[in-house]
Amino acid sequence: MSNSTQNSPSDTAHYDVAVVGGGAAGLSAAVTLGRSLRSVVVIDSAQQRNLPADSAHNLLGREGIAPSDLVAAGRSEAASYGAVLLDDEVTDAHRADGGFALQLASGARVQARRILLATGLVDELPEIEGLAQGWGSTVLHCPYCHGWEVRGQRIGVIATGPMAEHQALLFGRLTDAVTVFDHSAILDDAARARLYAMGVAVVSGTVAQVDVEGDRVRAVLVDDSRYEVDAVVVGTAMHARADVYRLLGGEVTPHPMGSFIDADQMGRTAVDGVWAAGNVRDLSAMVGMSAGMGVFAGAGLNADLVADEVAAAMSVRS
Ligand SMILES: Cc1cc2nc3c(=O)[nH]c(=O)nc-3n(C[C@H](O)[C@H](O)[C@H](O)COP(=O)(O)OP(=O)(O)OC[C@H]3O[C@@H](n4cnc5c(N)ncnc54)[C@H](O)[C@@H]3O)c2cc1C
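In structure tokens, the structure reads:
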């Protein structure tokens with residue numbers, strides 16, 4: 001990633017808000033805060049979740065944009081309002097001087113009155129050999145992100161969790177050739193009947209590996225039977241990247257599909273002064289919604305800081 005918009009921090013730089021994570025959520029918050037003349041630093045370790053994909057969809061005005069181009073545009077927009085962008089990673093965090101002190105992997109230190117966690121989530125793929133190789137291209141998870149691109153093609157859904165039937169039915173909107181591999185034997189008779197009624201084939205058996213060859217995929221079962229498809233669909237376990245939150249005393253909330261940081265509508269968490277936006281607080285958020293949460297958090301943080309400033313001004317007058 002280009003450092004062209006990166007500014008250097010002094011030994012310990014002070015900001016109104018330190019945004020940890022520079023994806024859709026963090027960069028949107030930085031724009032909102034910058035437009036209210038807040039001093040903002042965005043610290044980002046460049047692992048935006050959708051980088052393995054060629055393009056981002058369901059994004060009004062930016063439909064089909066390459067994820068790296070979207071990040072570059074967002075960085076440029078945030079920098080245009082004065083946000084400082086650091087290509088770095090927050091490795092330690094604690095309370096200091098009424099706010100927070102962050103230690104970065106490079107050795108730099110940052111202090112801020114508030115923290116916004118926009119650190120996204122980690123997708124844990126099922127433990128099946130070969131899946132990682134095609135992730136984001138021929139190994140898919142989301143019908144809204146990738147479904148239209150594989151319409152009319154052969155889709156194999158590997159059932160490893162509670163979303164498998166849902167995924168099969170949604171991808172079934174887009175093609176008549178969906179096969180579910182009941183890998184973890186999770187489909188009961190009622191689920192099988194629903195899939196059958198919608199024309200979805202179900203194969204019982206454990207998938208031993210997935211061979212990705214160019215734009216084709218082969219699912220190989222433990223009995224060595226082989227199924228050629230154009231894409232496979234899996235569910236991932238989705239875990240909020242919450243290391244910094246834990247360092248500040250926060251706890252993640254368990255979810256049937258992983259874990260997230262609980263927050264109110266604006267993004268305020270249970271840890272005073274710490275806010276959250278994007279996938280880290282909503283596992284289902286796509287790019288547009290993550291950006292929207294960033295705007296809300298930016299607005300909430302600005303109002304919260306104004307409230308502090310009002311209290312300080314009142315105490316001086318009294
Ligand atoms: C393969 C795939 C394809 C997708 N396609 C689409 C699509 O077409 N359309 C769509 O709307 N959505 C899509 N999504 C979902 C989309 O990726 C997310 O909605 C979006 O990335 C969430 O934005 P975010 O800002 O919350 O997190 P992210 O974009 O994941 O950004 C989080 C950032 O925080 C950084 N970070 C984490 N911890 C630290 C730390 N300690 N210090 C510094 N930086 C840190 C990470 O490096 C990362 O850059 C897709 C997801 C996947 C997996």
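The numbering of the sequence shown is full-length UniProt numbering, which starts it at 1 and goes up by one. The C-beta atom is built at its ideal place from N, Cα and C for all residues, glycine as well.
Under 6 Å Cβ to Cβ from R192, same chain only, skipping five residues before and after it: list those, please. V202
Candidates Y196, A164, G34, of which the one nearest D182 by Cα: A164
Using only the alpha-carbon positions, how far apart do A297 and A159 sit? Taking the straight line joining both Cα atoms gives about 36 Å.
State the Cα-Cα distance for the pair V20 and G64, rounded to the nearest angstrom. So the two alpha carbons sit approximately 26 Å from each other.
Simplified DSSP assignment, three categories, for T179: strand
With DSSP as the reference, label S68 as helix, strand or coil. helix
A277 and G294: beta carbons closer than 8 Å? yes
Comparing C-alpha positions only, which one of L85, G61, Q47 sits nearest to S39? L85
Keeping to the same chain, check which residues put their C-beta closer than 6 Å to that of N7; ignore five residues upstream and five downstream. Low per-residue confidence applies at N7: pLDDT is 46, beneath 50, and the placement is therefore not dependable, though the value from the model is reported in the following sentence. Excluding residues within five positions, the ones whose Cβ falls inside 6 Å are V84.
Rounded C-beta distance between V229 and A219? I'm assuming under 8 Å. 7 Å
Below 6 Å CB to CB, which residues in the same chain sit around L174 once its five sequence neighbours on both sides are set aside? G147, R151
Runs of 3 residues minimum, wholly inside the region 116-154: which ones carry the beta strand (DSSP E) assignment? 121-124
CA-CA distance, A190 and Y196? Looking at the two C-alpha atoms, the distance is approximately 10 Å.
Using DSSP bridges, identify the partner residues of A112. BP columns for A112 point to Y15, F100.
Just how far apart, CA to CA, sit V239 and V316? Here residue 239 is His; the residue named in the question, Val, does not match the sequence. Roughly 45 Å between the two C-alpha positions.
As an exercise, report each continuous alpha helix (DSSP H) stretch of at least 4 residues that is fully enclosed by the region 236-271, in chain order. 243-247
Between L59 and ligand 1, is the CB less than 7 Å from at least one heavy atom? yes
Local conformation of E309 per DSSP, three classes: helix
Can you have a look at L60 and say buried or exposed, based on whether 16 or more other CB atoms are within 10 angstroms of its CB? exposed
What's the call for H166, buried or exposed, on a 16-neighbour Cβ count within 10 Å? exposed
Would you kindly check if the distance between the Cβ of D16 and the Cβ of R113 is under 8 Å? Closer than 8 Å, so yes.
Classification of residue 351 by the beta-carbon crowding that lies within 10 angstroms, buried from 16 upward: The question about residue 351 has no answer, for the chain in this structure spans 1 to 318.
Exposed or buried, V234, counting other C-beta atoms within 10 Å across all chains shown (16 or more means buried)? buried
Environment of Q265 [buried if 16+ CB atoms lie within 10 Å]: Counting Cβ neighbours within 10 Å, Q265 comes out exposed, since fewer than 16 surround it.
For H255, which residues from the same chain have a beta carbon less than 7 Å from its beta carbon, with the 5 sequence-adjacent residues on both sides left out? L283
Can you tell me whether H57 is buried or exposed? The criterion is at least 16 other CB atoms within 10 Å of its CB, across all chains shown. buried
For the beta strand (DSSP E) holding V31, just list the boundary residues, first then last. Note, V31: premise wrong, no beta strand (DSSP E); alpha helix (DSSP H) at 24-34.
Counterpart residues of R218 in DSSP-defined beta bridges: D211, E228
Contact set for H250: own chain, Cβ-Cβ below 8 Å, skip 5 residues either direction: Here residue 250 is Gly; the residue named in the question, His, does not match the sequence. So the list reads A242, I261, T269, A270, V271, V274, once near-sequence residues are dropped.
According to the Cβ coordinates, are A208 and V217 closer than 8 Å? no
If you draw a straight line from the alpha carbon of G300 to that of D44, how long is it in whole angstroms? 21 Å
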